[in-house]
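Same order as they appear, the protein sequences are chains A and B.
Using my numbering, you'd call the opening residue of the first sequence number 196 and step up by one each time.
Using my numbering, you'd call the opening residue of the second sequence number 8 and step up by one each time.
No residue lacks a Cβ here, since even glycine has one placed at the ideal position from N, Cα and C.
Structure, as structure tokens:
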Amino acid sequence: MSPRRHDLHLLTGAYALGALDGAELAGFERHLARCHACAEEVRGLAETAARLALATAIEPPSRMRDTVLAAAARTRQLPPPGRTLIPLGTPRPGSRARRVLSRSGTGITLTAMAAAIVALLVLQTATWHQLQATRSGSRAVAAVLAAPDARLQSSVASTGGTVTAVISARDHEAVITTTGMPVPADHKVYQLWVIGSSGARSAGLLPASRAGATDPVLAAGLQPGDSLGITIEPSGGTSRPTTTPVVLMSARA
Amino acid sequence: MNTPTRREHADPGRPEGDGQDLANLLPQVARGDHQAFEIVYDRLAGPVYGLVRKVLRDPAQSEEVAQEVMLEIWRAASRFEPGRGSPISWAMTIAHRRAVDRVRSETAAAQREHKVTTGPVTGEDVAELVETALDRQRVRRCMGALTDLQAEAVKLAYYGGYSYPQVAELLGVALGTVKTRIRDGLIRMRDCMEVTW
């Protein structure tokens with residue numbers, strides 16, 4: 196065993212007690228993913244630490260029970276791991292929602308949403324360790340993870356640029372962002388459509404691009420078989436698409 | 008209004024005739040079962056609050072953090088994976104991390120008041136209203152089997168919430184020494200208490 200690996204193995208106790216920080220913590224967690232012996236040892240030592248914790252139990256103030264139970268009644272829960280998630284808000288048809296609200300009612304700014312979507316592309320399925328490590332995680336990302344079943348889909352637009360949709364089949368909603376799409380000429384605008392068996396319904400205009408990316412727009416009321424499309428329309432938008440969509444994706448809602 | 012009935016649990020994870028394992032309750036909680044959560048609360052709030060109190064010391068802050076932890080147990084119940092450890096370990100890890108985060112974020116280690124107790128874990132500065140008798144006795148006995156140096160390192164790291172380099176600095180010893188004391192001490196505790204999982 197190389198000296199370095201032997202050193203890492205010695206960290207099982209410190210890790211089990213939560214006494215690792217920063218880069219060393221990250222490095223050790225990577226090691227744990229590869230070292231079965233260490234993972235086994237950590238598990239036993241973590242159980243031991245938990246017994247230490249149990250021995251210091253104290254009856255909490257009785258008011259705490261009511262407070263916690265009441266808070267639980269209005270707190271949504273994380274779904275099981277394995278799904279990538281974005282919080283989706285109440286539908287406001289025809290409007291360019293300036294704010295997308297999570298279901299728990301806390302407002303999430305559009306910028307945070309965009310950041311969350313970008314973060315989503317980077318994050319894989321979070322382990323519960325990561326979920327609990329709220330040390331540096333932003334609240335926006337934490338809220339992203341606390342959302343209904345959803346999946347990410349992206350397509351390249353014929354104008355250039357990428358359109359990303361996060362679609363929740365259960366909620367029949369999607370949040371659309373774009374990057375790298377050129378600003379249309381002649382004051383024209385990008386308009387989002389939900390296209391179904393009965394035709395195309397506007398889901399609003401994409402906001403003006405900032406630094407090459409548009410803020411999220413919500414499309415609600417998606418039905419199975421619907422598609423999402425973006426067209427270039429005259430300023431102010433139209434009631435029906437007048438041009439061929441620059442991007443079309445199946446919503447698979 | 009329900010007044011919580013205090014129960015004495017040798018192990019909050021195991022049922023006492025009133026029903027279920029935490030391992031069975033957590034998936035129910037994950038599905039939104041509030042009654043299951045009430046049972047989970049009654050089993051875990053004491054250990055959570057006690058651990059947080061031990062680390063944070065301040066009662067008001069401890070109550071706040073303990074509430075956050077219990078709410079997180081509700082919120083993240085679906086993330087408990089039986090293959091990764093016991094429900095107790097899962098819950099106590101959440102509690103410990105939150106408490107340590109609070110301490111580390113608020114004070115520089117040098118400013119933090121710490122107590123180095125070399126005796127057994129007694130919680131003498133904490134009101135003990137719940138007796139988890141078997142657990143305490145066992146921990147007390149097994150902690151007594153550690154060397155003073157091992158016990159000191161374990162307690163500073165766990166209850167003090169220090170990182171192990173900070174423990175090394177506090178004790179004026181090398182990093183490797185602290186690593187080894189913590190690991191050896193925990194292994195001894197584990198074997199003494201016959202921890203299984």
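Check, Outcome
"What does Ala73/B pair with, by DSSP beta-bridge criteria?", "Looking at the DSSP assignment, Ala73/B forms no beta bridge with any residue, so it has no partner."
"Residues in the stretch 235 to 248 of chain A with C-beta within 7 Å of chain B's C-beta atoms, listed in sequence order?", "Arg238, Gly239, Leu240, Ala241, Glu242, Thr243, Ala244, Ala245, Arg246, Leu247 and Ala248"
"Report the rounded CA-to-CA distance for Leu220/A versus Thr154/B, giving the unit in angstroms.", "27 Å"
"Tell me, please, whether the stretch 35 to 47 of chain B touches the stretch 215 to 229 of chain A by the rule of three or more beta-carbon pairs shorter than 8 Å.", "no"
"Comparing the CB of Leu273/A with every heavy atom of the ligand ATP, is any distance shorter than 7 Å?", "For the ligand ATP, the structure offers nothing, since it holds no ligand at all."
"Name the two residues that bound the continuous beta strand (DSSP E) containing Ala102/B.", "Per DSSP, Ala102/B belongs to no beta strand (DSSP E); it is in the alpha helix (DSSP H), Pro94 to Glu113."
"Using a beta-carbon distance cut-off of less than 8 Å, what residues from the stretch 204 to 216 of chain A approach chain B?", "Leu205, Leu206, Thr207, Gly208, Ala209, Ala211, Leu212, Gly213, Ala214, Leu215 and Asp216"
"Just checking, does the stretch 95 to 110 of chain B make contact with the stretch 50 to 70 of chain B on the three C-beta pairs under 8 Å criterion?", "yes"
"Are the beta-carbon atoms of Arg111/B and Gly167/B separated by less than 8 Å?", "no"
"For the stretch 260 to 274 of chain A, enumerate the residues whose C-beta is nearer than 9 Å to any C-beta of chain B, in chain order.", "Arg260, Asp261, Thr262, Val263, Leu264, Ala266, Ala267, Ala268, Thr270, Arg271, Gln272, Leu273 and Pro274"
"Quick check on Gly183/B: does DSSP put it in helix, strand or coil?", "helix"
"With DSSP as the reference, please indicate the residues paired to Gln386/A in a beta bridge.", "Leu400/A and Thr426/A"
"Please determine if the stretch 92 to 99 of chain B and the stretch 141 to 155 of chain B are in contact, where contact requires at least 3 C-beta pairs separated by less than 8 Å.", "no"
"Report yes if the C-beta distance between Val185/B and Leu247/A is below 8 Å; otherwise report no.", "no"
"Quick one: is His367/A buried, meaning 16 or more other Cβ sit within 10 Å of its Cβ, or exposed?", "buried"
"Where does Ala452/A sit, in a helix, a strand or coil, going by DSSP?", "Outside the shown range of chain A (196 to 448) lies residue 452/A, about which nothing can therefore be said."
"Buried or exposed for Thr243/A, going by 16 or more other Cβ atoms inside 10 Å?", "buried"
"Can a CB atom of chain A be found closer than 8 Å to the CB of Asp28/B?", "no"
"Give me the chain A residues within the contact set of Gly179/B, using Cβ-Cβ distance strictly less than 7 Å, ordered along the chain.", "Within chain A, no residue comes near Gly179/B; the closest Cβ sits about 17 Å away, beyond 7 Å."
"Output, in chain order, the set of chain B residues within a Cβ distance shorter than 7 Å of Pro256/A.", "Glu70"
"So Ala360/A is in the beta strand (DSSP E); what residue range does that whole segment cover?", "Thr357 to Ser363"
"Excluding sequence positions up to five away, which residues of its chain have a Cβ less than 7 Å from the Cβ of Ala408/A?", "Ala309, Thr372, Thr373 and Thr374"
"Judging by CA-CA distance, which residue of Pro377/A, Gly208/A and Arg238/A is the nearest neighbour of Gly355/A?", "Pro377/A"
"Can you tell me where the alpha helix (DSSP H) holding Thr374/A begins and where it ends?", "From DSSP, Thr374/A is part of no alpha helix (DSSP H) but of the beta strand (DSSP E) over Glu368 to Thr374."
"What is the C-beta distance between Leu273/A and Ala83/B, in whole angstroms, given that I count them as a contact (C-beta under 8 Å)?", "5 Å"
"Anything in chain B within Cβ reach of Pro276/A, meaning under 9 Å, just list it in chain order.", "Ser85, Arg86 and Glu88"
"Mark Arg188/B as exposed unless 16 or more other C-beta atoms lie within 10 angstroms of its C-beta, in which case mark it buried.", "buried"
"Name the chain A residues that come within less than 7 Å of Leu33/B, Cβ to Cβ?", "Within 7 Å Cβ-Cβ: nothing; Leu33/B doesn't reach chain A, min ~11 Å."
"Against chain A, does Ala158/B count as a neighbour if the rule is that its beta carbon must be under 8 Å from one of theirs?", "no"
"Secondary structure at Gln348/A, three-state DSSP: helix, strand or coil?", "strand"
"Closer than 8 Å by beta-carbon distance: list the chain A residues that pair up with Leu78/B, in chain order.", "Val263, Ala266, Ala267 and Thr270"
"Give me the DSSP bridge partner(s) of Ser392/A.", "Answer by DSSP bridge pairing: none, since Ser392/A is not bridged."
"Could you tell me the alpha carbon to alpha carbon distance between Glu176/B and Ala446/A, rounded to whole angstroms?", "57 Å"
"Put Ala30/B into one of helix, strand or coil per three-state DSSP.", "helix"
"List the DSSP bridge partners of Ser85/B.", "Its beta-bridge partners do not exist; DSSP assigns none."
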